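Numbering (the UniProt record's numbering), first residue to last: 1 to 112. Where a beta carbon is used, it is the ideal one built from N, C-alpha and C, also for glycine. All values derive from a computational prediction rather than experimental measurement.
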Amino acid sequence: FYVIEEGLYDIFVARENQTRCVGRYDNHGSFGELALMYNTPRAATIVATTEGALWGLDRVTFRRIILKNNAKKRKTYELFIESVPLLKSLEPSERMKIADVIGEKTYQDGER
1 FYVIEEGLYD IFVARENQTR CVGRYDNHGS FGELALMYNT PRAATIVATT EGALWGLDRV
61 TFRRIILKNN AKKRKTYELF IESVPLLKSL EPSERMKIAD VIGEKTYQDG ER
């Protein structure tokens, strides 16, 4: 997993025996997380088009950070679910299942 500190990087994807540039990172962004999360081959090739600097994170550290963050978020969701009177009577295992699938949605003022 790489985080871009600076530099320009082109994103190339191979499809139907052709490699095409499908985008560019311009002094910010990150890449490589999907291969680490799902243990799959990389989906794209990133090529530096200027001098730049990247920060790299190995698989073990990346997964540890993601798991810790997910556990923290899950605990927050569990506490929220416990505070909802309608859901308070659920068994702990049922509340945990809800916590696993619940998501956040943020609305702007006046948005429906």
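query                                                                                                         : result
Which residue from Phe1, Arg24, Tyr77 puts its Cα closest to that of Thr40?                                   : Phe1
Measuring only the C-alpha atoms, how far is Ala14 from Arg24?                                                : 15 angstroms
If you follow the beta strand (DSSP E) that Ala44 is part of, which residue opens it and which one closes it? : Run containing Ala44: none; DSSP gives neither H nor E here.
In this structure, does DSSP put Glu5 in helix, strand or coil?                                               : strand
Hey, would you say residue 113 sits closer than 7 angstroms to Asp10, going by beta carbons?                  : The structure shown does not extend to residue 113, since the chain is modelled only from 1 through 112, so no value can be given for it.
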